[in-house]
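Chemist: In the working numbering, the protein residues as written are 12 to 253.
Glycine is no exception: its CB is placed at the ideal position from the N, C-alpha and C atoms.
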């Protein structure tokens, strides 16, 4: 069990380092693309006039190419890390742990109720001290239900943040899996089940990154009018003004 917990903790640390490395490469890609954005201010009008797309949006193309390389490298690293973790688990030969009931007394059925005293009266809160994960998720669901963006570029920024949001959720399950093995009197199957959720969310992160790419692709012309506006006021082409 300890070997499995140690392997899972190492995998989590390596995946976190892989994500930080990817973000660092994206920051470097943005720095490299800055001169090309400046060049694009000169070449973009000429490219539009001549119809030469290779003169248009050089900064965006450079950044997307470098960021894409960073994402592909991260996916390859993550696949290798998970394969290494699976091999370690398969090679583990630790004897099966004795049932928890043989070592500690089972908690009573009322253990899900935590009582705290305040001003002479007892207050009952479910699941004990600490915040409840389902309540945090419910708050996010309610925020999505009342979401009313000012414009589509706000939606653009929201979708762009989905991978980071899902990574935080995935890390939540990775932390809980590690705690289940290291700090709580739980059977190893519990940590393994939480780890499966973590792996599934890692795939969701890749899908969220792909969703943002789709948004950028299908709305390329709309985004261009915000990121690389033409001379004058672009609102002159707004259908509500014509």
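Helix, strand or coil, according to DSSP, for residue 240 in the structure here?
Modeler: On the chain shown, position 229 is the one that residue 240 refers to. Coil, per DSSP.
Chemist: Answer yes if the region 203-220 comes into contact with the region 175-184, meaning at least three C-beta pairs across the two stretches below 8 Å, and no otherwise.
Modeler: Result yes; three or more Cβ-Cβ pairs closer than 8 Å.
Chemist: Check residue 157 in the structure and name its three-state DSSP category.
Modeler: If you number the chain shown from 1, residue 157 lands on position 146. In the structure shown, residue 157 sits in coil (DSSP, three-state: anything other than H, G, I, E or B).
Chemist: Between the C-alpha atoms of residue 201 and residue 18, what's the straight-line distance to the nearest angstrom?
Modeler: Sequence index remark: in the chain shown, residue 201 carries index 190 (1-based). Sequence index remark: in the chain shown, residue 18 carries index 7 (1-based). A straight line joining the alpha-carbon of residue 201 with that of residue 18 spans about 16 Å.
Chemist: Whose C-beta lies closer than 7 Å to the C-beta of residue 185 among residues of the same chain, with five residues either side of it excluded?
Modeler: For the purposes of this step, residue 185 is taken as the residue at position 174 of the chain shown. The answer, listed in chain order, is 23, 209.
Chemist: Give every residue of the same chain whose Cβ lies closer than 8 Å to the Cβ of residue 92, excluding the five residues on either side of it in the sequence, and list them in chain order.
Modeler: Here residue 92 corresponds to residue number 81 of the chain shown, with the count starting at 1. Only 22, 25, 26, 29 meet the Cβ criterion.
Chemist: Would you mind sorting residue 43 into buried or exposed? The rule is 16 or more other CB atoms within 10 Å of its CB.
Modeler: Counted from its first residue, the chain shown places residue 43 at position 32. Exposed is the call here.
Chemist: Sorted by chain position, which residues of the same chain lie with C-beta nearer than 6 Å to residue 54's C-beta, five sequence neighbours on each side aside?
Modeler: One-based indexing of the chain shown puts residue 54 at position 43. Closer than 6 Å at the Cβ level, and outside the excluded window around residue 54, lie 66.
Chemist: Let me check understanding here. Comparing Cα to Cα, which of 33, 48, 97 lies closest to residue 87?
Modeler: Taking the chain shown and counting its residues from 1, one reaches residue 87 at position 76. If we check each option's Cα against that of residue 87, 33 comes out closest.
Chemist: When the Cβ atoms of the region 224-240 are set against those of the region 157-176, are three or more pairs found closer than 8 Å?
Modeler: yes
Chemist: What are the start and end residues of the alpha helix (DSSP H) that includes residue 199?
Modeler: Here residue 199 is taken as the residue at index 188 of the chain shown, counted from 1. Run containing residue 199: 199-229, per the alpha helix (DSSP H) assignment.
Chemist: CB residue 69 to CB residue 50, shorter than 8 Å?
Modeler: As a position in the chain shown, residue 69 is number 58, starting the count at 1. As a position in the chain shown, residue 50 is number 39, starting the count at 1. Yes. Within cutoff.
Chemist: Would you mind stating whether residue 212 and residue 191 have Cβ atoms separated by less than 8 Å?
Modeler: What you label residue 212 is simply residue 201 of the chain shown in a count that begins at 1. What you label residue 191 is simply residue 180 of the chain shown in a count that begins at 1. Cβ distance not < 8 Å, so residue 212 and residue 191 don't count as in contact.
Chemist: Just mark residue 160 as buried or exposed, buried being the case when its beta carbon has 16 or more other beta carbons within 10 Å.
Modeler: Within the chain shown, the letter at position 149 stands for residue 160. The residue is exposed, with fewer than 16 neighbouring Cβ atoms inside 10 Å.
Chemist: Note the first and the last residue of the continuous alpha helix (DSSP H) segment covering residue 187.
Modeler: As a first step, residue 187 must be located in the chain shown, where it is residue number 176. Segment 173-193, the alpha helix (DSSP H) holding residue 187.
Chemist: For residue 151, name the three-state secondary structure that DSSP assigns.
Modeler: One-based indexing of the chain shown puts residue 151 at position 140. In the structure shown, residue 151 adopts helical secondary structure according to DSSP, grouped into three states.
Chemist: Look up residue 196 in the DSSP assignment and say whether it is helix, strand or coil.
Modeler: Looking up residue 196 in the chain shown gives position 185. Coil at residue 196, not helix or strand.
Chemist: Using 10 angstroms around the beta-carbon of residue 31, count the other beta-carbons present and answer buried if the total reaches 16, otherwise exposed.
Modeler: Along the chain shown, one-based indexing puts residue 31 at 20. Looking at its Cβ environment, which holds fewer than 16 other Cβ atoms inside 10 Å, residue 31 is exposed.
Chemist: So for residue 70, helix, strand or coil by DSSP?
Modeler: Taking the chain shown and counting its residues from 1, one reaches residue 70 at position 59. Looking at residue 70 - three-state DSSP - the assignment turns out to be helix.
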